[in-house]
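Chemist:
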Amino acid sequence: MGAKQFELGHDGATVGDRMTANSCSPDMRTVVRAACLRAGIRADREPLRLSVSAVYRLPGGLVARVHRPDRAAAARRVIVGARWLRASGVGAVQPVSDIDQPVRSHGHAVTFWHELPPYRPGTPAEVAAALAHLHALPQPTDLELGLVEPFGPLEQRIRCASALGDADRRWLGDQVAWLRDRWRALPGGRPWTVIHGNATPNAVIVTRDGRVLLRNLDQLAIGPPEWDLVPTALELVSLGWTTTQQYAEFTRAYGHDVLRWAGYFLLRDIRELHLVTRAAQAALTHPGYRGQALHRLSCLRGDEGPRPWPGWRRLPARSVVAAMVIRDAKR
Numbered sequence: 001m002g003a004k005q006f007e008l009g010h011d012g013a014t015v016g017d018r019m020t021a022n023s024c025s026p027d028m029r030t031v032v033r034a035a036c037l038r039a040g041i042r043a044d045r046e047p048l049r050l051s052v053s054a055v056y057r058l059p060g061g062l063v064a065r066v067h068r069p070d071r072a073a074a075a076r077r078v079i080v081g082a083r084w085l086r087a088s089g090v091g092a093v094q095p096v097s098d099i100d101q102p103v104r105s106h107g108h109a110v111t112f113w114h115e116l117p118p119y120r121p122g123t124p125a126e127v128a129a130a131l132a133h134l135h136a137l138p139q140p141t142d143l144e145l146g147l148v149e150p151f152g153p154l155e156q157r158i159r160c161a162s163a164l165g166d167a168d169r170r171w172l173g174d175q176v177a178w179l180r181d182r183w184r185a186l187p188g189g190r191p192w193t194v195i196h197g198n199a200t201p202n203a204v205i206v207t208r209d210g211r212v213l214l215r216n217l218d219q220l221a222i223g224p225p226e227w228d229l230v231p232t233a234l235e236l237v238s239l240g241w242t243t244t245q246q247y248a249e250f251t252r253a254y255g256h257d258v259l260r261w262a263g264y265f266l267l268r269d270i271r272e273l274h275l276v277t278r279a280a281q282a283a284l285t286h287p288g289y290r291g292q293a294l295h296r297l298s299c300l301r302g303d304e305g306p307r308p309w310p311g312w313r314r315l316p317a318r319s320v321v322a323a324m325v326i327r328d329a330k331r
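In the UniProt record's numbering, the protein residues as written are 1 to 331.
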């Protein structure tokens, strides 16, 4: 279905999200079947992923995504946002166009998308160009995207981080409170605009025919464009996953270097905290990640020397809609 994916940063899912989706997978099939019937789509299905959303491949190159009951409004925003991107000339994954979405089924919101053709991850320059295009769009006056939520699921992840000790969880909680205070005094920067919200390096893909597409649109919001630039900068400065040359290509393509902005350090600190809690979350179901979570925490606490820190391993993405796209539905 495409290149193997990895995740950097927060994905909007909580431990409870994943536990719910996995434990309820038989019920999800019932939900999908009923939603397909209402939408006039064949209901044969193959599970692709179970996490914050249960995702199923359907006949005709379609994908069904089942959202938790309390995520119905968010599901609607994703649909509206994706359609707005297309109307604005921005390449992005696209929902099926001739269905009123989301479709309600057994208390859940179900959305239908087109399956992605083969693709590769975007290069740093391609990622930057896609973000620059997005950030240059005028703010929509008829969409309720909401403001960026920089702290997302942090507090719940910390509460559920059984791989960490009580003292470590308290320390992380104190960090969240400290960062919230700093966020209120965020230095001025580029004008707030529509941002991707989770612009990790795997958020931009390129299909075989050369189309550049944004995906993982759940965090689409109004916010500082620098929020979308920090993940790539962090890969260079904090993690050493990106080379100096790759980062130079990124900044040239975007036309701005977020490392020169006074607010970079705050956004970096927030993103790094997400990375620590992401590993702690992964350790709940995969105990082998506990060592990674503890190592990341040790780095954040200053016990492993200055950045870039060695020993950070990429975690497999578990909350990415792995197969979505942009051609007309075959129903």
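A virtual CB, placed ideally from N, CA and C, is assigned to each residue, including glycine.
What does the Cβ neighbour count give for Q281, buried or exposed, with the cut at 16 atoms within 10 Å?
Modeler: So Q281 ends up on the buried side.
Chemist: What does the alpha-carbon distance come out to for the pair A54 and P102?
Modeler: Straight-line Cα distance between these residues: approximately 14 Å.
Chemist: What are the start and end residues of the alpha helix (DSSP H) that includes L154?
Modeler: Here the alpha helix (DSSP H) through L154 covers L154 to R159.
Chemist: Considering Cα atoms alone, identify which of L217, Y56, L172 and D142 is closest to A74.
Modeler: When only C-alpha atoms are compared, the closest one is L217.
Chemist: Note down, in chain order, each residue of its chain lying with its Cβ closer than 6 Å to the Cβ of P306, except the 5 sequence neighbours on either side.
Modeler: Result list for P306: empty, nothing under 6 Å.
Chemist: Using the rule of at least 16 other Cβ atoms within 10 Å of the residue's Cβ for burial, across every protein chain shown, is A92 buried or exposed?
Modeler: Buried, by the Cβ-count rule.
Chemist: Consult DSSP for F265 and reduce its assignment to one of helix, strand or coil.
Modeler: It is helical.
Chemist: Short check: CB of T232 to CB of P201, under 8 Å?
Modeler: It is a contact, given that the beta carbons lie within the stated cut-off.
Chemist: Leaving out the 5 sequence neighbours to the left and right, which residues in its chain are closer than 6 Å to V212 when beta-carbon positions are compared?
Modeler: Counting only Cβ-Cβ distances below 6 Å, and skipping sequence neighbours, we find G91, E126, A130 and V206.
Chemist: In whole angstroms, give me the CA-to-CA distance for P59 and A82.
Modeler: So the two alpha carbons sit approximately 22 Å from each other.
Chemist: Enumerate in chain order the residues of its own chain whose CB-to-CB distance from R301 is below 8 Å, with the five nearest sequence positions on each side excluded.
Modeler: Within the same chain, R301 has close Cβ partners W171.
Chemist: Going by C-alpha distance, which of L137, E155, W113 and T141 is nearest H274?
Modeler: Looking at the Cα atoms, E155 is the closest of the given residues.
Chemist: Under the assumption that A35 contacts V110 (Cβ atoms under 8 Å), give the Cβ distance between them as a whole number of angstroms.
Modeler: That belief holds up - the Cβ atoms of A35 and V110 are roughly 4 Å apart, short of 8 Å.
Chemist: Quick test of the definition: if touching needs 3 or more C-beta pairs under 8 Å, does the stretch 178 to 192 touch the stretch 264 to 273?
Modeler: Result yes; three or more Cβ-Cβ pairs closer than 8 Å.
Chemist: What residue range does the alpha helix (DSSP H) around L300 cover?
Modeler: First-last of the alpha helix (DSSP H) with L300: R290 to L300.
Chemist: Which of helix, strand or coil does DSSP assign to P121?
Modeler: Strand.
Chemist: Would you mind working out which of Q139, G122 and R57 sits nearest W84, comparing C-alpha positions?
Modeler: Of the listed residues, the one whose Cα sits closest to W84 is Q139.
Chemist: In whole angstroms, what is the alpha-carbon distance linking T242 and L236?
Modeler: Answer to the nearest angstrom: the Cα atoms are 5 Å apart.
Chemist: By a C-beta neighbour count over all protein chains shown, 10 Å radius and 16 as the cutoff for buried, is T141 buried or exposed?
Modeler: Flag for T141 reads exposed.
Chemist: Can you check which of these residues, P225, A283, R68 and D70, is closest to W261 by C-alpha distance?
Modeler: Looking at the Cα atoms, P225 is the closest of the given residues.
Chemist: Could you name the residues of the same chain whose beta carbon sits closer than 7 Å to that of A283, not counting the 5 residues immediately before and after it, in chain order?
Modeler: If we look at A283 and ignore the five residues flanking it on each side, its Cβ neighbours are A163, Y289, R290 and A293.
Chemist: State the CB to CB distance for the pair D168 and L315, rounded to an integer number of angstroms; the pair is presumed to be in contact (CB under 8 Å).
Modeler: Their Cβ separation, rounded to whole angstroms, is 19 Å, which puts D168 and L315 out of contact at 8 Å.
Chemist: If you measure between the beta carbons of G107 and P69, is that distance less than 8 Å?
Modeler: Yes; because the gap between Cβ atoms is below 8 Å, this pair is in contact.
Chemist: Alpha carbon to alpha carbon, how far is Y56 from N22? Give it in angstroms, no decimals.
Modeler: Confidence at N22 is low in this model, with a pLDDT of 41, below 50, so its placement is unreliable and no value can be given for it.
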